[in-house]
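Structure first, commentary second.
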Amino acid sequence: MEDSAAVAGMLWDRWLPCSVRRLIGRALPGGEADGRVLAVWLAAVHDIGKATPAFACQVEGLADRMRAGGLEIRSRTAMGPDRAVAPHGLAGQVLLGEWLEEVCGWDPEECWQFTVVVGGHHGIPPEDAQIYALENRRHLLRTPGRSRAVWQRVQTELLEACADEYEVRGRLGLWREVKLPQPVQVLLTALVIVADWIASNPDLFPYHPMEVPRSGAARAAAAWQKLDLPGPWRPADPGGTAQGLLESRFTLPPGASVRPVQAEAVELARSMEAPGLMVIEAPMGEGKTEAALAVTEVFAARSGAGGVFFALPTMATGNAMFPRLLQWLTRLPSLEGRPHSVLLAHSKAALNDDFADLMRGPGPVVGVDVDAVHNGKGVPAHRAAVAELVAHTWLRGRKKAMLSSFVAGTVDQLLFAGLKSKHLALRHLAVAGKVVVIDEAHAYDTYMSVYLDRVLSWLGAYKVPVVILSATLPAGRRRELVEAYAGTGQETGAAFDAVAGAGEYPLLTAVAPGGAPLVRRPAASGREVSVQLEALDDDLDVLAHRLEVELADGGCALVVRNTVKRVVDTARVLRQRFGSDVTVAHARFLDTDRAANDRELLRRFGPPGPSVDRPAGRHIVVASQVAEQSLDVDFDLLVTDLCPVDLLLQRTGRLHRHQRGTGQQDRPARLRRPRCLVTGADWSAPVPVPVRGSVAVYQKYPLLRSAAVLLPYLEKGDGRPVRLPGDISPLVQGAYADDAQALAGWEEALDDARRQHEAQRSRQREKAATFRLGDVAKPGEPLFGWVAAGTGDADDTPAGRAQVRDSRESLEVIVVRKRADGRLTTVPWLGQDRKGRRLGGLDLPQDQVPVALAARAAAASGLRLPQEFSGEVMDLAIAELEELVVDAWQTKESSWLAGELILPLDEDCQTQLAGFALRYSTTDGLEVTRA
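Quick look at the structure:
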């Protein structure tokens, strides 16, 4: 009890962000001082439920000593299954409530909002039925008979001692009048959980403290020093102009001026009545990320936020963002001289070299060893080198990692905050003290949006500053995001009409929690590109011939397909004419190969510069949706399947993305004018007919709406060009408007497609609501049943991600080579690591744990199997793969490979699985056919 209280006090003083302390303090009459007293007291009493027969019976030797002191305890066997009715958290909640009622005169309703913190300290606040069940089994709290009074006296003495020691007696009368907001109840619960976990760590608080005589305060101080938990970010207002701010934080070209949208965003962040939500809508390549980080710094300084979470749609975009975040952090003057915790938040982060360097050290940015809090010499490991950013040991694992100060990761980690799950309070504490940036907001479907909107409502209640980025956000969706965060009632609906009605571009929309929205219309930067669209028949021979004509004088073309099958089929035909001048990019590559593919794309098609080796002749990249986002690549010609118009515009962001000579004169003469050929549909039909694969991915209605708004630009001969960025907003709003008029002759097809689309969206909303967290209840309402009927634990596994994405659970494997003699090795084509060590063809012995270098190289060869291996086929595939499990690898010493499914390929890179033939190549990735 004493250790937990001491740790809670240190967490409050040295680790908790200012914004969290302020939020708790606002709910109490004594402000932040009251908040600290309350947090420490709740941490002290959180285990009072262990002073009960139901708990004490577990260790017979200790129970005998208690019996000798007059505390009668039935044996564990005699208690039987009834013990499960009195988990010590719930028992503690009931005992603390009784004390507040009987000794302090509180009413039950006044107690519950405080005592639920004790009841929920193991991750799940109790439900009403659980409380009722325990109330009817009082013998679990105090053994009936003459011992009952002894039990009550002991429990009361403990609670009285805590009240005196932690000075709450003088506050309880005032706290009776408090209506504790649910967000504050959540944060106090999370703080108690963290304090409990630290105080329960025997490395920090040895079980036999008398071996080294110390006072409680000295014991806690020694533990805190050993833990060496990095404190929160404490940014100062950067001041100055937006130009000066961005110049000091980012590498701008000589003489470059900040874009109007960047300058206006910084000014708006400074002028808002309070930090809140800001939606930044601006074209691709306009510097939205830099604007978001500049706004983040201003918001953090104003709000007291102690960190940043940058949420992105995929692991690939998370990996791309992580080094940019690190570079920004190294330029923040507020970080100088003090370590801060950093995290890459997705399931394969340990395979990311930048994050692995943080964990390994040494260097200017280093991390703590994964298996040690201490380096054995009395010096915290990361202090052995000059360090500013650390991947701290204690802040590891799916439940604690997000508590790091600076996080880049998949949006799933944010959506988990809206999912009923165990230890949800920790996820809320993790975001409550940060500024949250959400990138590519247009990329989230109805199912994900249900969770995102609920998370935004809680973020607004926590007064967490949020920055949302998009190049192509429908106006209706903009309003939904702003309203969800603002948390205002129907009476303010008219104020949000302007949000939905704003058609200007670029556009800034902002709102403070509970406030009215603000709309700003910054000037365009003056960068304009006119893209000529043209409809192209969906025929591979037609495509090949057209590319032969367009690339006659050289040039680089990007062909984007909506399915991997179309990517591979297209590449196969194009290679018959263009040979090795065809490259493939999609998600069905090994993790390490996909990362290498991305690096190669950037090396060959990235921004002009000395590190880019652009092909001198012709080259074609055939890609799936991986080319839509995160990669700063630039092509002379674009061919794309018909897709929703916002995504098509994202794809055009890869066309003439950078200036190549005056008037693009460094491009082939035929390709100096940006052109986009739109295929993937039968354009000759009265109403265009999208290909089946595209309908399966996007549904028919969004594709037809996209075709409808693009039709004036696709007409042969007199089709006008799409002017970017000027036409972005009209096209997006036109495609997604609820009252859009059907073109003549399209009415029946659109009506039918719309009915199917709305039915699918309705199913998604209904499905998502099953495990979605409830909305913020009125102040004083206890968290009873807060995560009732939830999912258990939530994590960033395929199964975990499926909880917040409307996708089938997928199967991930580690691909290795099986030689003719039966030996296993890493796949042979792997290159070298950063130290020049060979990674390909390393032995993976089956009678022992492989060496770390080989094990990590194998783990980096992960592959997510396609949808053919879902449902019943997945069960069959798992059964077959489990036959291949290497028993020697299933130990704690085999952290890279334990528990993983291994897929061995023969020396021709082929195998069979669950009735399918699998073939892998470094050029085309995984191909799956019926065996």
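Counting in the numbering used here, the sequence shown runs from 899 upward without gaps. The beta carbon of each residue, even a glycine, is placed where N, CA and C say it ideally should be. Remember, predicted model here, so these are calculated numbers, not experimental data.
Burial is judged here by how many other beta carbons sit within 10 angstroms of a residue's own beta carbon; valine 1427 has at least 16 and is buried. Shown here, cysteine 1574 sits in a strand according to DSSP, grouped into three states.
Counting other Cβ atoms within 10 Å of its Cβ, serine 1660 stays below 16 and is therefore classed as exposed. Shown here for histidine 1019: same chain residues with a beta carbon closer than 7 Å to its own, the five before and five after excluded, namely His944, Gly987, Thr1087, Val1090, Ile1091 and Asp1094 in chain order. As DSSP reads the structure, glycine 1307 sits in a beta bridge with Ala1209 and Ala1243.
Scanning the segment 1153-1234 from its first residue to its last, the whole alpha helix (DSSP H) runs of 4-plus residues come out as 1158-1169, 1186-1201 and 1213-1228. Residue environment analysis places histidine 1655 among the buried positions, since at least 16 neighbouring C-beta atoms fall within 10 angstroms of its C-beta.
Pairing glycine 907 with alanine 937, the inter-Cα distance amounts to about 8 Å.
In the three-state reduction of the DSSP assignment, isoleucine 1029 falls in the helix class. In this structure the segment 1495-1512 lies against the segment 1523-1535, because at least three pairs of beta carbons, one per stretch, are closer than 8 Å.
Within a 10 Å sphere around the beta-carbon of glutamine 1028 sit 16 or more other beta-carbons, which makes this residue buried. Approximately 13 Å separates the beta-carbon atoms of tryptophan 910 and leucine 1127; this is outside 8 Å, ruling out the contact.
By a beta-carbon distance limit of 8 Å, tryptophan 1131 contacts histidine 1238. Their separation comes to about 6 Å. Here DSSP, grouped into helix, strand and coil, assigns lysine 1716 to strand. Counting only unbroken stretches of 4 or more residues, the alpha helix (DSSP H) elements lying wholly within the segment 1708-1764 are 1750-1757, in sequence order. Between arginine 1565 and glycine 1453, the C-beta spacing is below 8 Å. A Cβ-Cβ contact shorter than 8 Å links proline 1764 with arginine 1486. For arginine 1516, the enclosing beta strand (DSSP E) begins and ends at 1516-1521. Between the segment 1623-1633 and the segment 1367-1375 there are three or more inter-stretch CB-CB distances shorter than 8 Å, so the stretches are counted as touching. For proline 1023, the closest alpha carbon among the candidates Leu1038, Leu1085 and Val1156 is that of Leu1085. Of the candidates Ala1134, Thr1344 and Ala1579, Ala1579 places its Cα closest to the Cα of aspartate 1437.
Residue range 1823-1828 is occupied by the beta strand (DSSP E) that includes glycine 1823. Residue environment analysis places serine 1245 among the buried positions, since at least 16 neighbouring C-beta atoms fall within 10 angstroms of its C-beta.
Contact check for alanine 1214 against aspartate 1544 fails: the beta carbons are separated by 8 Å or more. Counting along the chain, the unbroken alpha helix (DSSP H) around cysteine 1060 starts and ends at 1045-1063. Per DSSP, reduced to three states, the secondary structure at glutamine 1810 is strand.
Within the DSSP bridge table, the entry for cysteine 1454 names His1517 as partners. The straight-line gap separating the alpha-carbon atoms of leucine 1230 and arginine 1147 is approximately 7 Å. With distances taken between CA atoms, glutamate 958 lies nearest to Ser973 out of Gly967, Ser973, Lys1463 and Ala952. If you compare the alpha carbons of Gly1683, Ala1651, Gln1527 and Ala1752 with that of proline 1181, the shortest gap goes to Gln1527. With fewer than 16 other Cβ atoms from the protein chains shown falling within 10 Å of its own Cβ, arginine 1732 counts as exposed. Alanine 1203 is positioned such that its CB atom lies closer than 8 Å to that of lysine 1332. Rounded to whole angstroms, the Cβ separation of aspartate 1489 and serine 1759 is 7 Å, and the two are in contact under 8 Å.
Listed in chain order, the non-local C-beta contacts of glutamine 991 below 7 Å within the same chain comprise Thr1013, Val1014, Val1016, Gly1017 and Pro1024, local neighbours out to five positions each way being set aside. In the three-state DSSP reduction, isoleucine 946 falls in the helix class (H, G or I).
Just so you know, the alpha carbons of glutamine 1053 and phenylalanine 1197 end up roughly 46 Å apart.
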